[in-house]
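Reading the sequence shown from the start, the letters are residues 941 to 1186 in our numbering.
Idealized CB from N, CA, C, for every residue including glycine.
Step one of this worksheet: look at the structure below.
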Amino acid sequence: MKKKEYDNKSIVTVALFAAVTFVLAISPLGFIPIGFINATTMHIPVIIAAIYISPKMGALVGGIFGLISLVRSIFFPSIMTPFIINPMVSVFPRIFIGLVAGYVYLFLSKKTDRQIRGLSIIFWLICSLGLIYLAYTSRQDPISFGFFLAAFGLIFCIFMVYKSFKRETGDFPTAFSAFVGSITNTLGFLTALYLLYGKDYALALGADPKLAGTLIFGLGVSSGIPEAIVSVIISTAIVKALRRIK
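Listed below in structure tokens is the structure:
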């Protein structure tokens, strides 16, 4: 009976996350303007479902997210529509968001506080060094340089707040899993786009097909970093609230 009750609750919760994803897809809430780009939040319900329920349920919500994005591209056509209507680009990679985020969370949740603290420092250090490197390599482009510098400042502020107000380590597994899940969304989608439609994507932008890799990499960096930061902030807060309610 308990197992049946748990399964029923899981199904209802998955349906709720799917409904939230749909609302995000058809409303401005699904896209947050950050400077000259938009960071999507439609993958966040997938990450929360994977952490709060299970990786498999997260994968199910991820598949639903992919289907919603496919349908949305049909009703709201854009330059990306010819590529997104292929399920191998829009649906299949999104299944791995829940699997990766969920299993990373399960792995970290078994670690001791000391191990978590060490991993958190390494995580923030890698993010900071990566942003500094990107800012240095793009120093000739004022817009890109300012973007990466602002991202570094934001992630540094988040780290300082985390270290100052969070004496426990309970939030880090959720935060890191959300970060990895968001990166999985970016890498999965753009890798499929590059392998299947790299040259076509470059031509659609009026660029040399030989620059397809560079264009897609630039898209990944400019959108992936803000999405990961937003995902960490929102997912951590919502998962904590859900556990308190439970």
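Margin query: Let me check understanding here. Comparing Cα to Cα, which of Phe1112, Ile1156, Asp1148, Lys1150 lies closest to Gly939?
Written below: The question about residue 939 has no answer here: the residues shown for the chain are numbered 941 through 1186.
Item checked: Simplified DSSP assignment, three categories, for Ile1008 -> It is helical.
Notebook entry, point to check: Should Arg1183 be labelled buried (16 or more other beta-carbon atoms within 10 Å of its own) or exposed?
Noted result: Classification for Arg1183: exposed.
Item checked: Phe1032, DSSP secondary structure in three states -> Helix.
Next item on the list: On a CA-only basis, which of Val1170, Leu1089, Asp1053, Ala1115 is nearest Ala990? Give me that one, please.
Entry: Ranking Val1170, Leu1089, Asp1053, Ala1115 by Cα distance to Ala990 puts Ala1115 first.
Item checked: Paired residues, beta bridge with Phe971 - DSSP -> Note: Phe971 sits in a beta bridge opposite Thr980.
Next item on the list: Pair every Cβ in the stretch 1061 to 1081 with every Cβ in the stretch 1017 to 1024, then say whether three or more of these pairs are closer than 8 angstroms.
Entry: The answer is no - the stretch 1017 to 1024 does not touch the stretch 1061 to 1081, with fewer than three Cβ pairs under 8 angstroms.
Next item on the list: Return the first residue and the last residue of the alpha helix (DSSP H) that Ala1152 is part of.
Entry: Here the alpha helix (DSSP H) through Ala1152 covers 1152 to 1185.
Notebook entry, point to check: At what residues does the alpha helix (DSSP H) containing Gly1058 begin and finish?
Noted result: First-last of the alpha helix (DSSP H) with Gly1058: 1053 to 1077.
Notebook entry, point to check: Assuming Ala958 and Val1001 make a contact with CB atoms under 8 angstroms, what is their CB distance in whole Å?
Noted result: Contact flag correct, Cβ pair sits at about 6 angstroms.
Next item on the list: Rounded to whole angstroms, what's the CA-CA distance from Leu1133 to Val1029? Just pull it up for me.
Entry: Roughly 6 angstroms separates the two Cα atoms.
Item checked: Rounded C-alpha distance that separates Ile1076 from Phe1085 -> Here residue 1076 is Tyr; the residue named in the question, Ile, does not match the sequence. Taken atom to atom, the span from the alpha-carbon of Tyr1076 to that of Phe1085 is near 7 angstroms.
Item checked: Own chain residues within Cβ distance below 8 angstroms of Thr953, not counting five before or after -> Answer for Thr953: Ala989, Tyr992, Ile993, Met997, listed in chain order.
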